[in-house]
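Since the structure comes first, as structure tokens, the remarks are kept for the end.
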Amino acid sequence: MDRRLFLTSVAAMVATGLAACGRDDPAIDDAVADTRMFTAPQGLTKVALPHGTLYRLPGKTNHIALTVDDGTNAAVIEGYAKLCRDTGLRVTFFCNGVNRGWTEHAGLLRPLRDDNQIFLANHTWSHANLARLSSRKLADQVRRNETFLKKTYGTLGRPFMRPPYGYTNRRVAAQLADLGYPAVTMWLGSLGDSSNVKPARIVEHASEWMTAGRIVIGHANHAAVTKVYGELVEIIRSRALVPVHLGDVYAV
Ligand SMILES: [Zn+2]
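When the count follows our numbering, it moves up by one through the sequence shown with no breaks and lands on 319 for the last residue.
Put into structure tokens, the structure is as follows:
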């Protein structure tokens, strides 16, 4: 497909939600499935989650795992939810339950989670620096977010924990393992959008880092990324990468 036409069609789908109409009609639902850019990965053999730290996906693979953190901007959460719904993109969300967008847009996200298209994982309740917390407060941050995820989405978010800011140490990792998170989930590539950057910069970062086997970090915090969803999809598609969430790859 012509690239401009393709990007326009992605933007139109996301903007109008057209692809999600008629969900109650099985015939239309089938037609919708056929038009989506990405489908669930086939023939995956899940690997055991290692103890330690995850930076990239296991083995030689054409998979890519986009991970989206925080959620301080509810409109960006909504945008990612619609992008996933309309394109079939698979994403791991590292949620801070304190951010209201995870509650406001549960109606969009919950069906995706129930279909196993997205994985909702733990990023602590309120984005605490775990390396500075007592054991009791660390457990509170983890458990309170689990309680939120369970109530809102029917999942605890285990076994994937990304410590805010990537701050961890031996004590934190050991306690997280005791709490049900044997592997600290880091990343090896970034959209560079933890601060408010121009959309074009995000595309540059994506172009550099969205390659086979990487776990890439992005954020649902600033609106800039919502302007370049089409470009992100096109980068993944043009490189023949297969988007996965972490629960697709690891036995959970
Ligand atoms: Zn974060």
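Here a beta-carbon is modelled for each residue, glycine too, at the ideal position from N, C-alpha and C.
So residue i is in the beta strand (DSSP E); what residue range does that whole segment cover?
i             : result
glycine 314   : No beta strand (DSSP E) holds glycine 314; the alpha helix (DSSP H) holding it covers 313 to 316.
histidine 286 : 282 to 286
threonine 120 : 119 to 121
Got a sec, what are the start and stop residues for the alpha helix (DSSP H) residue i sits in?
i                 : result
phenylalanine 215 : 202 to 220
alanine 240       : 237 to 245
leucine 111       : Looking at the DSSP string, leucine 111 is not in any alpha helix (DSSP H), and its letter there is neither H nor E.
aspartate 181     : 173 to 181
In whole angstroms, what separates the C-alpha of residue i from that of residue j?
i                 : j              : result
arginine 90       : lysine 149     : Low per-residue confidence applies at arginine 90: pLDDT is 46, beneath 50, and the placement is therefore not dependable enough to give any value.
threonine 106     : leucine 200    : 41 angstroms
leucine 187       : asparagine 140 : 17 angstroms
proline 266       : aspartate 260  : 9 angstroms
methionine 253    : threonine 159  : 12 angstroms
proline 230       : isoleucine 144 : 20 angstroms
leucine 179       : isoleucine 185 : 6 angstroms
serine 262        : glutamate 271  : 15 angstroms
tryptophan 169    : glycine 126    : 33 angstroms
phenylalanine 161 : threonine 112  : 24 angstroms
Can residue i be considered in contact with ligand 1, in the sense that its beta carbon sits closer than 7 angstroms to one or more heavy atoms?
i             : result
histidine 289 : no
aspartate 260 : no
histidine 190 : yes
histidine 312 : no
proline 178   : no
Would residue i be called buried (16 or more neighbouring beta carbons within 10 Å of its own) or exposed?
i             : result
histidine 312 : buried
histidine 118 : exposed
Have a look at the DSSP bridge pairing and note the partners of residue i.
i              : result
methionine 228 : Asn189, Val251
cysteine 151   : Beta-bridge pairing links cysteine 151 to no other residue.
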